[in-house]
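Chemist: Counting from 29, one number per residue, gives the positions in the sequence shown under the working numbering.
Dropping a structure here in structure tokens format, bear with me for questions.
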Amino acid sequence: MTRQKVILVAAAAALALGMVGSGCLWKRGDHTLGSFCAAAVGGEEHCVGENVGPGRAWSQAEKDGELPIEMWATWPKDNTLDEVVARSHRLDLWFGHLDEAIAYVRDDARNAESLRATLAGKMKSLLGEAADRQRELLAQEPVDAAGNFKTAMIDKASAEEEPLAAALAADKQAMAVVQAVFDEARRDVAPLQARYAGAAARFAAYRATEAAETAAYAALSEQASRSALEELDGVEQDVLAAAREASRAPNELAAEVMALAAELQVFAGSFEEAMAPHREFLGTHGAVLPDMISGALRSLSAMLGYTHRRVARSDATATALLGGIAMRRQALRALEMDGGAREAIARSRIQRASEAFGERARARAAALSAAPPVSERLGLPLLAERCGELVTLVQMRPLCEAAGASWREAGCAALRERFDAAEAELRTGLPRKIAAGLSALREEGMAAAALEAAQARLDAGDVKGAAIAYDAAVRGAEGT
């Protein structure tokens with residue numbers, strides 16, 4: 029067999045998917061799913077495991093800095109940014125942690141300056157970095173594994189021309205078996221290679237339509253805002269048609285991508301199994317089998333993640349438009365009615381609002397009648413949620429005392445007798461409970477530094493902040 033023939037036979041190992049690169053499907057054994065981090069003005073960054081929750085990071089940041097406190101979430105420490113943005117389940121996990129950090133600042137800490145700092149700080153930077161990297165990955169040309177392998181074989185032959193030719197000639201039977209495996213792989217991979225190229229081309233075409241899709245929804249929104257009552261049905265049908273069309277192509281593409289990814293993995297498994305008996309033979313001559321599928325799988329996963337998120341945005345936009353059209357239809361119909369009919373509609377809506385307010389008021393009263401929850405091990409009361417309920421109740425007092433609050437009367441009747449008690453509990457009851465809880469934690473041997481934030485808030489008269497810091501200290505003492 030000539031040296032040129034030997035090189036061509038060995039290079040056939042890389043014919044499978046010239047567009048894929050090296051790597052593995054995913055890393056196993058991750059021990060963390062990410063972290064929550066916080067940093068106060070003048071303080072250091074504090075990060076805790078996601079299983080602990082954002083409250084712990086907030087409490088640690090409070091101890092060595094001043095408000096506002098910026099929060100963010102990091103992706104799993106064992107994952108690279110490429111691994112995060114290329115896999116939808118990992119990206120969704122990180123997004124969930126980002127949402128949890130924002131929710132804590134907004135709903136638990138309730139500090140507007142901290143929310144602004146959170147949205148405009150490192151979280152924004154991390155999201156921008158992830159978005160930029162995802163765009164780069166989607167735009168990358170796949171690695172030419174076949175070309176790289178062929179170059180390596182030519183270099184090997186040039187360096188060891190006579191020894192390599194002699195070694196291969198001495199084992200023609202083994203080389204013939206390897207060539208047969210390569211030839212079969214070449215036949216098997218040809219249709220997969222063509223399908224991958226087609227899927228990549230269709231994805232590129234679909235991605236290029238995003239701006240036009242957004243513009244179409246904007247035009248439908250403007251049209252709906254100007255349409256007369258008899259024209260709204262047509263606009264509604266146009267929105268539904270746009271939503272269906274926006275989902276059709278990506279759904280077809282997603283199905284194709286998932287099927288192709290599964291077939292690629294089957295192909296790679298079969299090829300590796302067939303080549304297993306010949307690895308030593310190839311290794312003797314410097315011929316390492318190329319990675320057949322991981323680059324293609326990363327690319328396909330990125331395509332799939334993009335299509336899923338874009339369809340979700342399209343569906344949300346269409347749903348909002350349909351809701352707006354329904355509200356405009358109701359308003360236009362009301363304008364066509366006589367005064368008596370409009371008055372009846374207004375009375376009906378006021379009645380529904382009154383019933384809803386009364387139901388929420390009774391539920392709030394019932395919740396305040398119950399004792400606050402207690403921690404599992406120490407049995408200490410957890411007070412942040414109750415403090416929030418009391419603050420909300422006190423803030424509702426002016427509504428129930430206003431002269432124009434007649435439609436709220438059913439709900440206000442259930443709350444009036446609780447206003448004075450709520451103010452007293454906020455003023456004296458909760459501070460005493462927090463102070464008693466902090467004393468119990470000191471007796472348990474908890475480090476004083478962990479209790480200073482709650483004590484400082486309590487001393488400053490910030491009962492809500494003290495309750496939040498106290499709850500965090502209780503959970504920290506119990507390792508929850």
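No residue lacks a Cβ here, since even glycine has one placed at the ideal position from N, Cα and C.
When the Cβ atoms of the region 288-302 are set against those of the region 240-253, are three or more pairs found closer than 8 angstroms?
Modeler: At 8 angstroms Cβ cutoff, the stretches do not touch.
Chemist: Could you say which of GLY323, PRO401, ARG357 and ARG425 lies nearest to ALA389 if we only look at CA atoms?
Modeler: Of the candidates GLY323, PRO401, ARG357 and ARG425, the one whose C-alpha sits nearest the C-alpha of ALA389 is ARG425.
Chemist: According to DSSP, which residues form a beta bridge with PRO409?
Modeler: Note: PRO409 sits in a beta bridge opposite VAL402.
Chemist: Using three-state DSSP, classify VAL80 as helix, strand or coil.
Modeler: Coil.
Chemist: Spatial neighbours of SER329 within its chain, please: CB distance less than 6 angstroms, with the 5 preceding and 5 following residues excluded, ordered by chain position.
Modeler: The answer, listed in chain order, is ALA114 and ARG115.
Chemist: Less than 7 angstroms between the C-beta atoms of GLY473 and LEU408, yes or no?
Modeler: For GLY473 and LEU408, no; Cβs fall outside 7 angstroms.
Chemist: Helix, strand or coil, according to DSSP, for ILE496 in the structure here?
Modeler: Here ILE496 sits in helix by DSSP.
Chemist: Between ARG392 and LEU421, how many whole angstroms is the CB-CB distance? I'm expecting something under 8 angstroms.
Modeler: About 6 angstroms separates the two Cβ atoms, so the contact holds.
Chemist: Could you tell me whether the region 369-376 touches the region 271-289, where touching means 3 or more Cβ pairs closer than 8 angstroms?
Modeler: Because the criterion of three Cβ pairs below 8 angstroms is not met, the region 369-376 and the region 271-289 do not touch.
Chemist: In the DSSP output, what is PHE64 paired with across the bridge?
Modeler: VAL76 and ALA101, per the DSSP bridge assignment.
Chemist: Kindly indicate which three-state DSSP category GLU472 falls into: helix, strand or coil?
Modeler: Coil at GLU472, not helix or strand.
Chemist: Would GLY70 pass as a contact of GLU94 if the rule is Cβ separation under 7 angstroms?
Modeler: It is a contact, given that the beta carbons lie within the stated cut-off.
Chemist: In angstroms, rounded to a whole number, what distance separates the CA positions of LEU109 and ALA158?
Modeler: About 7 angstroms.
Chemist: Tell me whether the region 215-223 and the region 256-270 touch, counting them as touching only if at least three CB pairs, one residue from each stretch, are closer than 8 angstroms.
Modeler: In short, these stretches do not touch, since the Cβ pair count stays below three.
Chemist: Since ALA129 contacts TRP100 with CB under 8 angstroms, what's their CB separation in whole angstroms?
Modeler: Contact holds; Cβ gap of about 6 angstroms.
Chemist: Could you check which residue in GLU445, GLY367, CYS415 and LEU166 has the C-alpha nearest to that of GLY457?
Modeler: Here the closest residue by C-alpha is CYS415.
Chemist: Between which residues of its own chain and ARG405 is the CB-CB distance below 6 angstroms, once the five residues before and five after are set aside?
Modeler: Within the same chain, ARG405 has close Cβ partners GLU506.
Chemist: Please report the distance separating the alpha-carbon of ILE182 from that of GLU164.
Modeler: Any reading at ILE182 must be qualified, since the residue scores a pLDDT of 43, below 50, and its modelled position is unreliable; the value itself is stated next. Between ILE182 and GLU164, the C-alpha separation is close to 32 angstroms.
Chemist: What do you get for ARG503, buried or exposed, if any count of 16 or more other CB atoms within 10 angstroms of its CB means buried?
Modeler: Its Cβ being crowded by 16 or more others within 10 Å, ARG503 is buried.
Chemist: Rank ALA488, ILE462 and ILE353 by C-alpha distance to the C-alpha of TYR498 and give the top, closest one.
Modeler: Cα-wise, what sits closest to TYR498 is ILE462.
Chemist: Provide the residue span of the alpha helix (DSSP H) that contains THR146, from first to last.
Modeler: Counting along the chain, the alpha helix (DSSP H) containing THR146 begins and ends at 140-148.
Chemist: When DSSP builds the beta bridges, which residues end up paired with GLU94?
Modeler: In the DSSP output, where bridge partners are listed per residue, GLU94 has VAL69.
Chemist: Output the distance between the C-alpha atoms of GLY57 and GLY333, rounded to the nearest integer angstrom.
Modeler: Any reading at GLY57 must be qualified, since the residue scores a pLDDT of 31, below 50, and its modelled position is unreliable; the value itself is stated next. The straight-line gap from Cα to Cα measures roughly 23 angstroms.
Chemist: Given a cut-off of 7 angstroms on the beta-carbon distance, is the pair LEU350 and VAL402 in contact?
Modeler: No, the pair does not count as a contact, with Cβ atoms beyond the cut-off.
Chemist: Do the region 432-452 and the region 474-485 meet, that is, are 3 or more Cβ pairs less than 8 angstroms apart?
Modeler: Short answer: they don't touch.
Chemist: Classify ASN107 as helix, strand or coil using the three-state DSSP reduction.
Modeler: Coil, per DSSP.
Chemist: So what's ARG254 in DSSP terms, helix, strand or just coil?
Modeler: Helix, per DSSP.
Chemist: Look at the alpha carbon of ASP448 and the alpha carbon of VAL339, and state the distance between them as a whole number of angstroms.
Modeler: Whole-angstrom Cα-Cα distance: 51 angstroms.
Chemist: Roughly how many angstroms lie between the CA atoms of GLY489 and ARG341, to the nearest whole one?
Modeler: GLY489 and ARG341: Cα-Cα distance of roughly 44 angstroms.
Chemist: Tell me the rounded alpha-carbon separation between LEU281 and HIS336.
Modeler: The alpha-carbon atoms of LEU281 and HIS336 are separated by roughly 10 angstroms.
Chemist: Taking a contact to mean a Cβ-Cβ separation below 7 angstroms, would you say VAL418 touches ALA450 in this structure?
Modeler: The residue asked about is misnamed: residue 418 is Leu in this sequence, not Val. In this structure, ALA450 lies closer than 7 angstroms to LEU418 by Cβ.
Chemist: Rounded to a whole number of angstroms, what is the C-alpha to C-alpha distance between CYS65 and GLN483?
Modeler: Approximately 23 angstroms between the Cα atoms of the pair.
Chemist: For ARG370, collect the residues of the same chain with a Cβ closer than 6 angstroms to its Cβ; drop the 5 residues on either side in sequence, then sort them by chain order.
Modeler: Correct list, in chain order: ALA362.
Chemist: Mind reading off the beta-carbon distance from ASN139 to PRO96? Whole number of angstroms is fine, and I expect it under 8 angstroms.
Modeler: About 6 angstroms; that satisfies the 8 angstroms criterion.
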